[in-house]
Each structure stands twice: as C-alpha cells, then as structure tokens.
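Peer 1: Protein chains in written order, with the numbering used here: chain L, 3 to 207; chain Y, 3 to 207.
Backbone N, C-alpha and C define an ideal beta-carbon position, used for all residues, glycine too.
Can you keep this structure in mind? I'll have questions shortly.
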DNA sequence: GAAAAAATGGAGTGTCAACTCCAAAACTGG
DNA sequence: CCAGTTTTGGAGTTGACACTCCATTTTTTC
C-alpha cells in the first residue's frame with residue numbers, strides 16, 4: 003500500500019505512532035490545506051515530538067504523500083462498499099443517501115478529502131498530482147464497473163454510454179461537494195447527484 | 003465594485019499600480035495557491051516595492067479579497083457573454099466550445115480560478131468564503147436565467163426543472179475542471195458538459 | 001506655483017516554521 | 001539477558017515571510 007517509508011522495519015508501537023501522525027495530518031490538512039498546516043500543529047494533535055515525525059517521514063512532502071494514500075483508502079473504501087453491488091436504481095439511491103449523510107455529518111466542511119488535496123497540490127507537487135490522478139482513476143473505475151453492471155442486468159439500454167456517465171457522475175459529485183462546501187448547504191450535492199441519477203433514468207429500456 | 007480600500011482617492015497611476023498588483027497576485031495564487039504565494043513574489047511579478055503593496059492593501063488578506071473580486075469579474079464576464087442570449091441548443095454548444103477552448107489554452111493548469119480559490123479559502127477565511135459563495139450564486143443565476151429563457155422559448159418542456167439543471171450544470175463544470183486539472187486532459191470537462199447538455203436534450207418537447 | 005495629498009524606494013524587524021542533532025529510553029531477537 | 005535496533009525527547013538553527021518605517025519623489029488642487 004504505502005511505499006514511501008522503506009528500509010526500516012516498523013514495530014507495532016511504531017506503526018501506531020505513524021498512524022497517529024497520518025491521522026492528525028489528514029484532519030488538519032483537510033481543514034486548513036497543506037501549506038497552512040504546520041509540523042508543530044501535527045505534533046501537538048498527534049502527541050508526538052519532532053524527532054518522531056522525522057523518524058517516520060523524511061520531510062513534509064513525504065508526509066503529504068502518506069496523507070494522500072490514507073485519504074484515498076478511506077474515500078475509495080466508503081464508495082466501494084456502496085457501489086460493489088450496484089445492480090439497481092434502488093442501490094444507487096442507497097449510495098446517494100450515504101454520500102449525503104457523510105456531508106451532512108461534517109456540516110459541509112472540508113469538502114471531498116481527495117478533491118481538496120487535488121486542488122491544493124495539483125500545480126505545486128507533480129508526484130502528489132500523479133498519485134491523486136491515480137486515486138480518481140480508481141474512483142471512476144468503481145462507477146464505471148457499477149454502471150456497466152447495471153447495463154448488463156438490463157436496467158439500462160444496451161447503447162447507454164456508461165463510461166461517459168461514470169466520469170460525468172464523478173465530476174458532478176466533486177463539483178457538488180465543492181459548492182456545498184462554500185455554501186454550507188447540502189443542496190448542491192443533493193441536486194448534483196439527483197440530476198445525474200435522473201439522467202440515468204432516462205436511459206432505462 | 004471593490005469595497006476593500008476606502009478613504010484614499012486613487013490617481014490614474016495609482017489605479018494602474020493597484021491593478022498590476024492584483025493581476026500578479028491573481029496569476030500567482032491561481033498557480034500556487036494563496037498560502038504558497040509570498041508578498042515578495044507578488045512584488046517581483048508586479049514590479050512594485052513593499053511600501054506600494056501595503057499602500058494599496060492593508061494586508062495579505064485584503065489583497066486576497068481583491069483577487070477574489072477580480073477573478074469573479076473575469077469568470078462571470080466570460081460566461082455572461084456566452085450565456086446572455088442563451089436561446090437555443092446551438093448557443094449552448096458555442097458556450098461549451100468556448101469553455102473548453104479556455105481550458106485547452108491553459109493546458110488544464112490551474113483549474114477554475116473561482117473553484118481553486120474556494121477550495122483554498124473555504125475553511126480558513128470566512129469573509130472570502132462568503133464572497134466566493136456570492137460569486138457562485140451569480141454564476142448559477144446566469145445559468146438559471148439562460149435555461150429558463152430556453153424553456154420560455156419552447157426549446158424545453160414546460161415542466162423542465164431548469165433551476166436544478168442549472169445548479170447541476172455548475173457542479174459538473176466545477177468537477178470537470180478539477181478532474182481535467184489533475185489529469186492534465188480536457189476529456190473530463192468535455193464529457194461533463196456534454197453529458198449535461200445530453201440530459202437537457204432529453205427534455206425537449 | 002505652492003501647499004497638500006498621493007505614490008514610491010528600500011532597508012529593517014520580529015516571528016514562525018521546517019528541519020537537525022545528540023543522547024536516552026524502550027523494545028526485539030537469539 | 002544482552003547486543004542491536006527502533007523509538008522517543010527536546011533544545012537548537014537557519015531561513016523565509018509578513019509587515020513596518022521614514023524619507024523622497026511625483027502628482028493633484030486651488
């Protein structure tokens with residue numbers, strides 16, 4: 003999974019410390035962005051010393067990559083769970099509700115963890131950009147496979163362009179999350195997903 | 003328009019200098035984000051001294067607000083021009099091509115100026131968030147009015163939920179721009195807009 | 001054309017943030 | 001239980017960055 007730290011073997015305790023650091027960094031970077039999150043903030047939140055942090059990560063950049071991997075695992079995990087057996091419109095609605103519950107739970111703060119990191123790092127860190135592109139590729143694939151399965155099951159017409167719809171759905175999701183974040187209102191993400199599903203409904207046989 | 007600097011009257015020369023500063027700051031902040039853009043960078047790019055910068059803006063935050071206003075004017079200007087007489091699907095396609103030309107011209111770098119600022123500032127600067135929310139509101143309104151006009155003209159069925167479609171379109175646009183930015187490929191934004199238009203086409207009388 | 005206001009130059013200042021270093025404590029494997 | 005390895009503590013150090021200050025030049029106003 004994580005290929006950043008190599009060479010030194012990690013004790014159970016060490017793994018726990020490392021995880022605490024990544025957790026703290028993930029939370030803070032989602033809230034404030036990468037550049038505004040200081041190493042000292044992370045130290046305090048995670049309850050570790052400077053030497054510990056630099057024992058597990060070569061520098062802040064290295065930590066950022068670990069945060070990307072961590073958030074990718076979390077986000078893709080949530081969506082994989084819901085989309086794995088995407089075989090009906092009912093299942094799609096369950097996914098929809100789950101996404102919106104998450105947004106509501108955070109009161110629209112932070113936006114999408116991957117989207118925020120992407121916007122933050124796209125132009126300043128090529129390695130981070132590539133890794134985020136990969137994560138979004140996997141996410142898109144999840145939607146692609148799900149919609150293709152729906153088509154196979156006869157829920158959608160055979161000529162439905164599921165690949166395009168999957169990409170458009172991901173775009174709508176990202177944009178909806180961003181708009182919900184700045185408006186502090188779940189309406190945009192709700193409308194974005196519902197409209198995507200409505201479009202899908204026009205493609206039933 | 004700009005309500006940040008008040009009290010002192012501006013000479014023509016002063017206005018030019020101020021504009022040079024805002025232009026430079028806008029470019030740099032779009033490329034690197036707000037926190038990674040230093041005052042010194044802006045000074046060099048704009049060709050001004052520190053005292054000039056602090057003569058026109060009380061602090062970096064104040065400059066950020068000016069950048070938001072500037073980018074809002076630019077972005078909304080571009081879209082207003084295209085959407086003003088949105089009375090047919092042909093006009094919608096013209097708008098689509100224009101948007102994608104802009105993205106292609108920048109080689110997908112930077113993403114949407116407003117979207118990037120929004121993601122950057124949403125959680126750290128409440129005033130900036132409010133102002134960006136307002137800009138997105140105006141943008142949404144542009145689309146709302148355009149689609150409503152299309153419906154009035156009989157291009158769309160009377161029961162078409164143009165308000166929802168406008169919001170979903172803006173979301174798809176934002177998400178598509180973000181995905182195009184991290185993939186360095188215009189495909190996501192193209193598919194996002196085209197899918198939105200395709201959905202609209204299903205609503206013709 | 002002179003007083004007032006605005007625009008500019010550029011050196012300086014205090015703070016903060018990333019990263020280093022050396023030593024000590026805790027743990028692991030044989 | 002001991003040698004080697006991993007983990008931890010915490011006080012520096014270096015550089016960068018936002019912002020200040022005061023003097024000087026340019027422009028406006030009457």
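Ends of the alpha helix (DSSP H) at residue 130 of chain Y?
Peer 2: Taking the second chain and counting its residues from 1, the one referred to as residue 130 of chain Y is at position 128. Segment 128 to 154, the alpha helix (DSSP H) holding residue 130 of chain Y.
Peer 1: Near residue 151 of chain L, which residues of its chain fall below 7 Å by C-beta distance, leaving aside the five closest residues on each side in sequence?
Peer 2: On the first chain, residue 151 of chain L is found 149 positions in, with the first residue counted as 1. Excluding positions up to five away in sequence, the list reads 88, 89.
Peer 1: Comparing the C-beta of residue 109 of chain Y with each C-beta of chain L, is any distance below 8 Å?
Peer 2: Sequence index remark: in the second chain, residue 109 of chain Y carries index 107 (1-based). No, residue 109 of chain Y does not count as interfacial toward chain L.
Peer 1: Is it buried or exposed for residue 129 of chain L, if we count other Cβ within 10 angstroms and need 16 for buried?
Peer 2: Counting from 1 along the first chain, the entry for residue 129 of chain L is found at position 127. So residue 129 of chain L counts as exposed.
Peer 1: With a threshold of 8 Å between beta-carbons, can residue 169 of chain L be considered close to chain Y, or not?
Peer 2: One-based indexing of the first chain puts residue 169 of chain L at position 167. So, interface residue.
Peer 1: If you draw a straight line from the C-alpha of residue 3 of chain Y to the C-alpha of residue 71 of chain Y, how long is it?
Peer 2: As a working mapping, residue 3 of chain Y is identified with position 1 in the second chain. As a working mapping, residue 71 of chain Y is identified with position 69 in the second chain. Confidence is the limiting factor: at residue 3 of chain Y the pLDDT is only 34, short of 50, which leaves the residue's position unreliable and the question unanswerable from this model.
Peer 1: What first and last residue would you give for the alpha helix (DSSP H) that runs through residue 17 of chain Y?
Peer 2: Along the second chain, read from residue 1 onward, the residue named residue 17 of chain Y stands at position 15. From DSSP, the alpha helix (DSSP H) with residue 17 of chain Y extends over 14 to 34.
Peer 1: Counting contacts by CB-CB distance shorter than 8 Å, is residue 74 of chain L in contact with chain Y?
Peer 2: Looking up residue 74 of chain L in the first chain gives position 72. Chain Y contact via Cβ: absent.
Peer 1: Mind listing the chain L neighbours of residue 121 of chain Y? Cutoff is C-beta to C-beta under 9 Å, in chain order.
Peer 2: Along the second chain, read from residue 1 onward, the residue named residue 121 of chain Y stands at position 119. Correct list: 35, 113, 117, 118, 120, 121, 122, 180, 183, 184.
Peer 1: Have a look at residue 30 of chain L and residue 153 of chain L and give me their C-alpha separation to the nearest angstrom.
Peer 2: Start at 1 with the first residue of the first chain, and residue 30 of chain L comes out as number 28. Start at 1 with the first residue of the first chain, and residue 153 of chain L comes out as number 151. Approximately 41 Å, taken between the alpha carbons.
Peer 1: Rounded to a whole number of angstroms, what is the C-alpha to C-alpha distance between residue 217 of chain Y and residue 202 of chain L?
Peer 2: Any answer about residue 217 of chain Y is impossible in this case: the structure gives chain Y only from 3 up to 207.
Peer 1: Determine whether the beta carbon atoms of residue 182 of chain L and residue 137 of chain L lie at a separation below 8 Å.
Peer 2: If you number the first chain from 1, residue 182 of chain L lands on position 180. If you number the first chain from 1, residue 137 of chain L lands on position 135. No; because the gap between Cβ atoms is not below 8 Å, this pair is not in contact.
Peer 1: Check each residue of the stretch 127 to 156 of chain Y: if its Cβ is closer than 7 Å to any Cβ of chain L, include it; give the result in chain order.
Peer 2: Those would be 131, 134, 135, 138, in chain order.
Peer 1: Which residues bound the alpha helix (DSSP H) around residue 201 of chain L?
Peer 2: Here the question's residue 201 of chain L lines up with position 199 in the first chain. From DSSP, the alpha helix (DSSP H) with residue 201 of chain L extends over 189 to 203.
Peer 1: Where in the stretch 50 to 90 of chain L do unbroken runs of the alpha helix (DSSP H), each at least 4 residues long, occur, reported from the N-terminal end onward?
Peer 2: Entirely contained in the stretch 50 to 90 of chain L, the alpha helix (DSSP H) runs reaching 4 residues are, in chain order, 52 to 58, 62 to 85.
Peer 1: Does any residue of chain L have a CB that is nearer than 8 Å to the CB of residue 27 of chain Y?
Peer 2: Against the second chain, residue 27 of chain Y aligns to sequence position 25. It does not: the Cβ of residue 27 of chain Y has no partner Cβ on chain L nearer than 8 Å.
Peer 1: Can you name the start and end residues of the alpha helix (DSSP H) that residue 175 of chain Y belongs to?
Peer 2: Counting from one through the second chain, the residue named residue 175 of chain Y turns up at place 173. Segment 164 to 185, the alpha helix (DSSP H) holding residue 175 of chain Y.
Peer 1: Determine, for residue 201 of chain L, whether the minimum Cβ-Cβ distance to residues of chain Y falls below 8 Å.
Peer 2: If you number the first chain from 1, residue 201 of chain L lands on position 199. Yes, its Cβ sits closer than 8 Å to a Cβ of chain Y.
Peer 1: Which term fits residue 207 of chain L, buried or exposed, when burial requires 16 or more other beta carbons within 10 angstroms of its beta carbon?
Peer 2: In the first chain, counting from the first residue as 1, residue 207 of chain L sits at position 205. Exposed is the call here.
Peer 1: Output the distance between the C-alpha atoms of residue 5 of chain Y and residue 179 of chain L, rounded to the nearest integer angstrom.
Peer 2: Position 3 of the second chain holds residue 5 of chain Y. Position 177 of the first chain holds residue 179 of chain L. Low confidence applies here, because residue 5 of chain Y scores a pLDDT of 38, under 50, leaving its location unreliable; read the following figure in that light. Rounded to whole angstroms, residue 5 of chain Y to residue 179 of chain L spans 29 Å at the Cα level.
Peer 1: Is it buried or exposed, residue 143 of chain L, if we count other Cβ atoms within 10 angstroms and call 16 or more buried?
Peer 2: Along the first chain, one-based indexing puts residue 143 of chain L at 141. Exposed, since its Cβ has fewer than 16 Cβ neighbours within 10 Å.
Peer 1: Is the shortest distance between the beta-carbon of residue 95 of chain Y and the beta-carbons of chain L less than 8 Å?
Peer 2: Position 93 of the second chain, counted from the first residue, corresponds to residue 95 of chain Y. No, because no Cβ of chain L sits closer than 8 Å to the Cβ of residue 95 of chain Y.
Peer 1: Should residue 109 of chain L be labelled buried (16 or more other beta-carbon atoms within 10 Å of its own) or exposed?
Peer 2: Translated into the one-based positions of the first chain, residue 109 of chain L becomes position 107. With fewer than 16 other Cβ atoms within 10 Å, it is exposed.
Peer 1: Taking Cβ-Cβ distances shorter than 8 Å, what residues in chain Y pair up with residue 204 of chain L?
Peer 2: Position 202 of the first chain holds residue 204 of chain L. Residues of chain Y passing the Cβ test: 201, 204.
Peer 1: Please state if the CB of residue 84 of chain Y and the CB of residue 97 of chain Y are separated by a distance shorter than 8 Å.
Peer 2: As a first step, residue 97 of chain Y must be located in the second chain, where it is residue number 95. As a first step, residue 84 of chain Y must be located in the second chain, where it is residue number 82. Yes, the pair counts as a contact, with Cβ atoms nearer than the cut-off.
Peer 1: CA-CA distance, residue 133 of chain L and residue 49 of chain L?
Peer 2: Numbered from 1 along the first chain, position 131 holds the residue referred to as residue 133 of chain L. Numbered from 1 along the first chain, position 47 holds the residue referred to as residue 49 of chain L. Whole-angstrom Cα-Cα distance: 28 Å.
Peer 1: If you draw a straight line from the alpha carbon of residue 53 of chain Y to that of residue 170 of chain Y, how long is it in whole angstroms?
Peer 2: As a working note, residue 53 of chain Y is residue 51 in the second chain. As a working note, residue 170 of chain Y is residue 168 in the second chain. Approximately 45 Å between the Cα atoms of the pair.
Peer 1: Determine whether the Cβ of residue 46 of chain Y lies closer than 8 Å to any Cβ atom of chain L.
Peer 2: Within the second chain, the letter at position 44 stands for residue 46 of chain Y. Closer than 8 Å: no.
Peer 1: Around the C-beta of residue 13 of chain Y, are 16 or more other C-beta atoms found within 10 angstroms, so that it is buried, or is it exposed?
Peer 2: The count along the second chain starts at 1 and reaches residue 13 of chain Y at position 11. Result: exposed.
Peer 1: Near residue 115 of chain L, what residues of its chain come up, given a Cβ to Cβ distance below 8 Å and the 5 sequence neighbours on each side ignored?
Peer 2: Start at 1 with the first residue of the first chain, and residue 115 of chain L comes out as number 113. Excluding positions up to five away in sequence, the list reads 28, 32, 73, 76, 77.
Peer 1: Can you grab the Cα-Cα spacing for the pair residue 26 of chain L / residue 67 of chain L, in whole Å?
Peer 2: Numbered from 1 along the first chain, position 24 holds the residue referred to as residue 26 of chain L. Numbered from 1 along the first chain, position 65 holds the residue referred to as residue 67 of chain L. The straight-line gap from Cα to Cα measures roughly 14 Å.
Peer 1: Does DSSP put residue 113 of chain Y in a helix, in a strand, or in coil?
Peer 2: Counting from 1 along the second chain, the entry for residue 113 of chain Y is found at position 111. It is coil, neither helix nor strand.
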